[in-house]
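One structure is given below, encoded as structure tokens.
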Amino acid sequence: MRKVSIFGATGSIGQNTIDLIARDPSAYNVVALTGGANVRQLAEDARRLGADLAVTAYEDCLGDLRAALAGSGVEAAAGQTALIEAAARPADWVMSAIVGSAGLAPGIEALKQGATLALANKETLVCAGKLVLETARRHGARLLPVDSEHSAVFQALAGEDMAAVERIIITASGGAFRDWPIEDLARATVEQASSHPNWNMGQRITIDSASMFNKALEVIETYEFFGIEPDAIEVLVHPESMVHALVGFRDGALMAHLGAPDMRHAIGYALHWPDRRDLPVERLDLAKLGQLHFRTPDERRYPALRLAREVMARGGLAGAAFNAAKERALDLFLERKIGFLDMAHSVEAVLDRFEAASGLLDVAMTLDNVRETDHLARKWVDETVIKRAG
Ligand SMILES: NC(=O)C1=CN([C@@H]2O[C@H](COP(=O)(O)OP(=O)(O)OC[C@H]3O[C@@H](n4cnc5c(N)ncnc54)[C@H](OP(=O)(O)O)[C@@H]3O)[C@@H](O)[C@H]2O)C=CC1
Ligand SMILES: CC(=O)[C@@H](O)[C@H](O)COP(=O)(O)O
Ligand SMILES: [Mn+2]
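Oh and the sequence shown: position 323 is 323 in UniProt numbering, straight run, nothing missing.
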């Protein structure tokens, strides 16, 4: 039996992962499931899958978790230390599906144990790509992409030499506002931004799709994961989300990966890799689809894409600063304290401030330094917003 753990088990990726694992219970020994505030779901899944351990990220949820697990034999724990301890428990395969930079430390800990880390949490590579890849190398651990575009690139690359790759193209749906007049974006509401045209995902990544901060993170994720030059990474707006990525080779060949917008494909691929197994996903009928559309993204509509290129050119801890500023700006948008376009303005202002404060982004990439950069970037977003309001 394979030992598996799922970090972020109560979320969209976590629930899709559980859906696959629950179809073949005799194949898996579930070591740890983790969640946040949704203790009811966490306890229900931990009981159903016979997990050894369930962890909530929040100490004040521990009482509820214990009560929900009473008599089940599942151990309950809470807080950041408990999350790291859960990641330190031996497992063959670990799903990293916590949202945001909170996923970084448990992922690194799982790599230190030599586990295969299925990486949905793109923030891990954006914040600390070099550190994460070096940790995996040192401990003989493996990273497998779960983000749909990166899984698609990984599949298109199977058996190929990176030296033969000329470019990588990742597609973008264009998000909730792709057809809105640019003048209306400043008034876009949280509710409007929280509806994705094709994918059913958590609220934060859905809003990031609308602003293309999601694609900006994914461009950096591509750069870190595949080690390709920034100029060789392209973004293509593809409203149907059926082609997830394309790899262009030196001989002009373009290998595309197609599939219905269902994350169980990418999760299942990472779960069964290097094998391919039957997955409960729709089979595309291209004749029925008839047409697919592609267009170049308008960088005036999506300033996040330009910022991603600045981050890659800057290097060091710029990714950690960028991601944390984006996360805090998104918090403020969700709290209705700033508008939709203010997110990109705030992130850009914080990146400029880091650049002006010489040396801050050039310290060694350690977990502590990433955390400090993350903390400072969030604080500077708040200061930027207060200054603007005043
Ligand atoms: N959803 C998708 O289809 C895709 C997602 N991704 C990436 O996967 C990751 C997860 O996304 P998604 O599943 O949509 O997100 P969700 O918001 O649906 O789920 C997030 C999970 O993380 C938990 N969580 C939230 N905050 C914390 C915290 N501070 N510490 C520990 N756990 C926490 C949540 O717990 P609770 O809900 O109990 O509070 C939940 O289990 C993100 O990095 C996203 O970018 C990538 C590609 C596709
Ligand atoms: C499913 C997945 O991988 C998401 O990251 C997806 O890419 C979001 O859609 P957008 O293309 O709109 O960002
Ligand atoms: Mn994606």
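Glycine is no exception: its CB is placed at the ideal position from the N, C-alpha and C atoms.
Predicted model only: the values in this text are computed from it and were never measured.
Distances from the CB of Asn214 to the heavy atoms of ligand 1 include at least one below 8 Å. In terms of CA proximity to Phe154, Trp273 leads the group Ala68, Gly175, Pro106, Trp273. With a cut-off of 8 Å, the C-beta of Glu123 is classified as near ligand 1, since at least one heavy atom of the ligand falls inside that distance. Approximately 12 Å separates the beta-carbon atoms of Pro297 and Pro239; this is outside 8 Å, ruling out the contact. Cβ-Cβ distances below 6 Å link Ile21 to Tyr28 in the same chain, with the five nearest sequence neighbours on each side left out; the list follows chain order.
Counting only runs that start and end inside the segment 45 to 75, the alpha helix (DSSP H) elements of at least 4 residues fall at 62 to 69. Distances from the CA of Asp208 to each of Met255, Val99, Thr116, Gly159 were compared; the closest alpha carbon is that of Val99.
Put simply, the backbone Cα of Thr373 is about 7 Å away from that of Leu317.
Remark: C-beta atoms of Thr34 and Thr17 do not approach each other more closely than 9 Å.
Proximity of the beta carbon of Gly259 to ligand 1 is not indicated: no heavy atom of the ligand is located closer than 8 Å. Distance from the Cα of Leu367 is smallest, within the candidate group Leu351, Gly107, Val39, for Gly107. Taking 9 Å as the cut-off, the beta carbon of Ala43 is found closer than this to the beta carbon of Ser72. Gly252 counts as exposed, since fewer than 16 other beta carbons sit within 10 angstroms of its beta carbon. Sixteen is the threshold: since fewer than 16 other Cβ atoms of the shown chains lie within 10 Å of the Cβ of Lys288, the residue is exposed. Per the coordinates, the alpha-carbon of Leu284 lies some 16 Å from the alpha-carbon of Ala245. Here His257 is bridged, per DSSP, to Ala245. Non-local C-beta neighbours of Ala87 in its own chain, meaning closer than 6 Å and more than five positions away in sequence, comprise Pro106, Glu109, Ala110, ordered along the chain. Restricting attention to Val243, Pro261, Ala260, Val350, the CA atom closest to the CA of Leu254 is found in Val243.
Taken atom to atom, the span from the alpha-carbon of Trp380 to that of Arg353 is near 8 Å.
According to DSSP, Asn29 shares a beta bridge with Lys3.
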